[in-house]
């Protein structure tokens with residue numbers, strides 16, 4: 134067989150239709166969804182604050198958005214595998230963000 138796949142392998146492959154039926158999107162906007170669930174894995178989009186206030190206020194707002202997106206998908210932060218945080222001013226905001234994050238992550242999901 135030219136493709137290198139046996140006929141058994143070909144029959145097990147997911148078609149785009151069957152794959153898309155397993156994907157659930159939550160809080161859908163024009164170009165993104167706040168959360169996307171595929172089977173038991175949830176992906177969230179960038180959750181940001183309003184940009185008003187100091188880093189403490191902004192961090193709390195952003196993490197509340199993460200909580201909300203995870204809840205929409207039926208899960209919570211106790212199941213997180215990876216978290217990436219971007220700071221506009223890491224030198225001045227790192228300590229404040231970490232203090233909020235440490236409190237947030239240690240709370241029950």
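Numbering (the numbering used here), first residue to last: 134 to 242.
Just so it is clear, CB atoms sit at the ideal spot from N, CA and C, and this is done for glycine as well.
Whether residue i touches residue j by CB criterion (7 Å)
i, j, result
"residue 182", "residue 194", "yes"
"residue 159", "residue 205", "yes"
"residue 198", "residue 180", "yes"
C-alpha gap between residue i and residue j, whole angstroms
i, j, result
"residue 155", "residue 225", "42 Å"
"residue 175", "residue 203", "7 Å"
"residue 168", "residue 162", "11 Å"
"residue 143", "residue 191", "Unreliable positioning characterises residue 143 in this predicted model, as indicated by a pLDDT of 49, which lies under 50. A coordinate reading is not provided."
"residue 214", "residue 177", "12 Å"
"residue 200", "residue 241", "11 Å"
Option nearest residue i by Cα separation, candidates the options
i, options, result
"residue 234", "209, 178 and 189", "189"
"residue 173", "185, 196 and 208", "208"
"residue 228", "157, 164 and 187", "187"
Runs of 4 residues minimum, wholly inside the region 147-232: which ones carry the alpha helix (DSSP H) assignment? 149-154 and 188-205
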